[in-house]
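2 protein chains.
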Amino acid sequence: MSYPPGEFALIARLTARLSQSRRVVLGPGDDCAVVAAPRAPQLVTIDSMVEGVHFEVGWASPEEIGARALTVNLSDIAAMGGLPTVCVVNLAIRAGLSARFFDRLYAGLGAAARAAGVDIVGGNVTRGTALAITIAQMGEVRGAPMRRDAAWPGDEIFVTGTLGDAAMGWRVLAGKLRARGAARKFVIDRWRNPIARLAAGQRLARIRPVPAAIDISDGLWQDLGHLLERSAVGARIEAPALPLSAAYRQIAGDDATLALSGGEDYELLFCLRPGASARALSRRLGVAVARIGVITRGAGAHLIGGAAPRHGGWDQLRGPG
Amino acid sequence: MSYPPGEFALIARLTARLSQSRRVVLGPGDDCAVVAAPRAPQLVTIDSMVEGVHFEVGWASPEEIGARALTVNLSDIAAMGGLPTVCVVNLAIRAGLSARFFDRLYAGLGAAARAAGVDIVGGNVTRGTALAITIAQMGEVRGAPMRRDAAWPGDEIFVTGTLGDAAMGWRVLAGKLRARGAARKFVIDRWRNPIARLAAGQRLARIRPVPAAIDISDGLWQDLGHLLERSAVGARIEAPALPLSAAYRQIAGDDATLALSGGEDYELLFCLRPGASARALSRRLGVAVARIGVITRGAGAHLIGGAAPRHGGWDQLRGPG
Numbered sequence: 111m112s113y114p115p116g117e118f119a120l121i122a123r124l125t126a127r128l129s130q131s132r133r134v135v136l137g138p139g140d141d142c143a144v145v146a147a148p149r150a151p152q153l154v155t156i157d158s159m160v161e162g163v164h165f166e167v168g169w170a171s172p173e174e175i176g177a178r179a180l181t182v183n184l185s186d187i188a189a190m191g192g193l194p195t196v197c198v199v200n201l202a203i204r205a206g207l208s209a210r211f212f213d214r215l216y217a218g219l220g221a222a223a224r225a226a227g228v229d230i231v232g233g234n235v236t237r238g239t240a241l242a243i244t245i246a247q248m249g250e251v252r253g254a255p256m257r258r259d260a261a262w263p264g265d266e267i268f269v270t271g272t273l274g275d276a277a278m279g280w281r282v283l284a285g286k287l288r289a290r291g292a293a294r295k296f297v298i299d300r301w302r303n304p305i306a307r308l309a310a311g312q313r314l315a316r317i318r319p320v321p322a323a324i325d326i327s328d329g330l331w332q333d334l335g336h337l338l339e340r341s342a343v344g345a346r347i348e349a350p351a352l353p354l355s356a357a358y359r360q361i362a363g364d365d366a367t368l369a370l371s372g373g374e375d376y377e378l379l380f381c382l383r384p385g386a387s388a389r390a391l392s393r394r395l396g397v398a399v400a401r402i403g404v405i406t407r408g409a410g411a412h413l414i415g416g417a418a419p420r421h422g423g424w425d426q427l428r429g430p431g
Numbered sequence: 111m112s113y114p115p116g117e118f119a120l121i122a123r124l125t126a127r128l129s130q131s132r133r134v135v136l137g138p139g140d141d142c143a144v145v146a147a148p149r150a151p152q153l154v155t156i157d158s159m160v161e162g163v164h165f166e167v168g169w170a171s172p173e174e175i176g177a178r179a180l181t182v183n184l185s186d187i188a189a190m191g192g193l194p195t196v197c198v199v200n201l202a203i204r205a206g207l208s209a210r211f212f213d214r215l216y217a218g219l220g221a222a223a224r225a226a227g228v229d230i231v232g233g234n235v236t237r238g239t240a241l242a243i244t245i246a247q248m249g250e251v252r253g254a255p256m257r258r259d260a261a262w263p264g265d266e267i268f269v270t271g272t273l274g275d276a277a278m279g280w281r282v283l284a285g286k287l288r289a290r291g292a293a294r295k296f297v298i299d300r301w302r303n304p305i306a307r308l309a310a311g312q313r314l315a316r317i318r319p320v321p322a323a324i325d326i327s328d329g330l331w332q333d334l335g336h337l338l339e340r341s342a343v344g345a346r347i348e349a350p351a352l353p354l355s356a357a358y359r360q361i362a363g364d365d366a367t368l369a370l371s372g373g374e375d376y377e378l379l380f381c382l383r384p385g386a387s388a389r390a391l392s393r394r395l396g397v398a399v400a401r402i403g404v405i406t407r408g409a410g411a412h413l414i415g416g417a418a419p420r421h422g423g424w425d426q427l428r429g430p431g
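The listed protein sequences derive, respectively, from chains U and P.
Mapping of the first sequence onto this note's numbering: residues 111 to 431, in sequence order.
Mapping of the second sequence onto this note's numbering: residues 111 to 431, in sequence order.
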């Protein structure tokens, strides 16, 4: 970490109120943080949330922006069945944002970290042309991690929660989609306050054989594609089985486009040997679970009872699909 | 990590040629990387290099830009006396840069990683308005880490290498300073190809009591200030003792301004109980070492035989000093 004066003062203020757990030997303020050696293999992931690409400042409160930046990382830990431990935060800041804005952003980030048992052990602030929050998140996995390459023909495919709500909220906020009342509020909230399915991921990882899993960050169709590619299998998805919220149906009817390729759901997709009931899984994982299809021999995903997306979904290099 | 199609293809190509050591259980391509549990306490740091703030694309080759982004992180590991292990890379890319550019950038990054024994275990690519490379670097520290808060009145202050060259190179590249011939080439090279003092840091950390240390990324005066603040001590620095290169002297004569506050040296500053000889230390650490002053009671740094900088040095929030 580098600490120029303005930056030093800012990061010192932002990190001053962060409490640290016993695993942190040395927290923010030195060249590196020092963390006690973990007992289990370590998970590492990095993700970034960039103003003008993923969000606009007015779309959520500063607290929500901070919490959201952490949650999208925690979702990657959840997808491996891991327990999040420590993270480091790089903040690219631009002119026009107040000290109060960053205090609130860090308050939201800190609260989300505490709720997930995460220590924010270091930070770096740099000037940029847009606000960007990049977080490297570490975690532990007690048993075997849930990998993308473990799906097997015959496996049944499940997802947690409902799909497409956040993509809908994003479009409402961006002025690309109109919605009213409670449905509007619901989908916007799903975008603003995603949930990393950490407990569900940890419980899933105890199932034997360990399920193949991925988190749905770029849209079901695309993330399913990554899992299929890594596992060298295909899939048949049943369009009527896709879990759509009441708000989604109210806004889009039966059009599953955003549920298939909208992105930013942060739900888990996982594959189990045949026979598990979605109902029993819902109870076991503490979140609604829907069976949406089956893994097949061959390659690629086929949609039964609906039109497959023309392209994969959210592409951070091209913008939303 | 999230992998939209364009991004997925790009990161897959960029990381395909990265070889992984045995500590990597699962490399790039899943939601997280999995790394074997380290045996020693772990170091974690994050740093970012942003186009238009820290560099311009034309100022160095893509390979140098990639290597440099890693080196500034490795310097933080060096300042703790650590051994770098794994890193994750977040690349914010903008329009107008070719696939070849990123291949070359990653080739430079990969070569620097191999040279330092670092595994690049994960990556993420996002769109942005400027090219930015953010790296979270992990390391191990076998004994006690060198901290900023361990300086003691009476300690002698040393630095490795020479100071101010890189800041001079930066100014030459930015058109703010004129220089010619070999001196110009030397200072530009010092900016383009910084060296993380990893071996020197590891050897220093074996000295007892463990020295206080910091890397000089934001200018001697400012980084010294951080060390003094954390150690609750003062310092007396002797201006004539500052190690200036022949190229520096040729361009700036005896004006030590950039050596004091230029930034981006990535040399180590460390404090030892009195009596060590700079000559013996140079041999022991494998790099030139100069004694530049002494730790005192009280607070703040005082410059003997020269004018102290008016402000701290490189401020990433304001721009170069």
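Virtual Cβ for every residue (Gly too), placed ideally from N, Cα, C.
Secondary-structure assignment with DSSP links residue 237 of chain U through a beta bridge to U/203.
Every unbroken stretch of the alpha helix (DSSP H) spanning 4 or more residues and falling wholly within the region 267-350 of chain P is given here in chain order: 275-283, 291-302, 308-314 and 330-341. Check the Cα spacing between residue 349 of chain P and each of P/400, P/279, P/249 and P/146: the tightest is with P/400. Rounded to the nearest angstrom, the gap between the Cα atoms of residue 297 of chain U and residue 182 of chain P is 42 Å. Using a Cβ-Cβ distance cut-off of 8 Å, the region 308-323 of chain U and the region 247-266 of chain U are in contact, since at least three pairs of beta carbons, one from each stretch, lie closer than that value. Residue 260 of chain U sits in coil when the DSSP states are folded into three classes, being neither helix nor strand. Residue 162 of chain P has a beta carbon lying within less than 8 Å of a beta carbon in chain U. In chain P, no part has a C-beta under 7 Å from the C-beta of residue 181 of chain U; the shortest such distance is about 13 Å. Two segments are said to touch when three or more pairs of C-beta atoms, one from each, lie closer than 8 Å; by this definition the region 239-248 of chain P touches the region 204-214 of chain P. Around the beta carbon of residue 327 of chain P, 16 or more other beta carbons sit within 10 angstroms, so the residue counts as buried.
Among the residues of chain P, those whose CB is under 8 Å from the CB of residue 258 of chain U are 139, 140 and 141, following chain order.
Under the Cβ criterion (8 Å, minimum of three pairs), the region 142-153 of chain P counts as touching the region 148-156 of chain U. Residue contact with chain U for residue 375 of chain P: absent (no Cβ-Cβ distance below 8 Å to any residue of chain U).
Looking from the CA of residue 131 of chain U, the closest CA among U/179, U/146, U/281 and U/335 belongs to U/146. Ranked by how close their Cα comes to the Cα of residue 376 of chain P, the residues P/123, P/345, P/171 and P/189 have P/189 in first place. A contact is defined here as three or more CB-CB pairs under 8 Å, and the region 401-414 of chain P meets this definition with respect to the region 264-283 of chain P. Checking the DSSP bridge columns, you'll see residue 143 of chain P partnered with U/154. Among the bridge pairs identified by DSSP, residue 410 of chain U is matched with U/344.
Under the 8 Å criterion on CB atoms, residue 157 of chain U is classed as interfacial with respect to chain P. Around the CB of residue 293 of chain U, 16 or more other CB atoms lie within 10 Å, so the residue is classed as buried. In the displayed model, residue 138 of chain U falls within a strand according to three-state DSSP. Using a Cβ-Cβ distance cut-off of 8 Å, the region 244-251 of chain P and the region 358-367 of chain P are not in contact, since fewer than three pairs of beta carbons, one from each stretch, lie closer than that value.
Taking a C-beta distance under 8 Å as the contact criterion, residue 373 of chain U and residue 329 of chain U qualify as a contact pair. Residue environment analysis places residue 387 of chain P among the exposed positions, since fewer than 16 neighbouring C-beta atoms fall within 10 angstroms of its C-beta.
Secondary structure of residue 130 of chain P (DSSP, three-state): coil.
For the 8 Å CB-CB criterion, residue 167 of chain P and residue 197 of chain P do not form a contact. Excluding five sequence positions before and after residue 148 of chain P, the CB atoms of its chain that fall closer than 6 Å to its own CB belong to 250, given in chain order.
Excluding its 5 nearest sequence neighbours in each direction, residue 336 of chain U has C-beta neighbours in its own chain below 7 Å: 258 and 324, listed in chain order. Close partners of residue 312 of chain U in chain P (Cβ separation under 9 Å) are lacking, with about 14 Å as the shortest Cβ gap. In the three-state DSSP reduction, residue 370 of chain P falls in the helix class (H, G or I). Excluding sequence positions up to five before and after residue 172 of chain U, its CB lies within less than 7 Å of the CB of 211, 214, 215 and 218, all in the same chain and listed in chain order.
Among the residues of chain U, those whose CB is under 7 Å from the CB of residue 200 of chain P are 156, 158 and 244, following chain order. Annotation: the continuous alpha helix (DSSP H) that includes residue 180 of chain P extends over 172-189.
Residues are counted here when their Cβ sits less than 7 Å from a Cβ of chain U; for the region 317-342 of chain P these are 324, 325, 327, 328, 332, 336 and 340, given in chain order.
Scanning U/289, U/278 and U/263 for the CA closest to the CA of residue 367 of chain U turns up U/278.
Residues of the region 211-240 of chain U with a Cβ closer than 9 Å to any Cβ of chain P, in chain order: 231, 232, 233, 234, 235, 236, 237, 238, 239 and 240.
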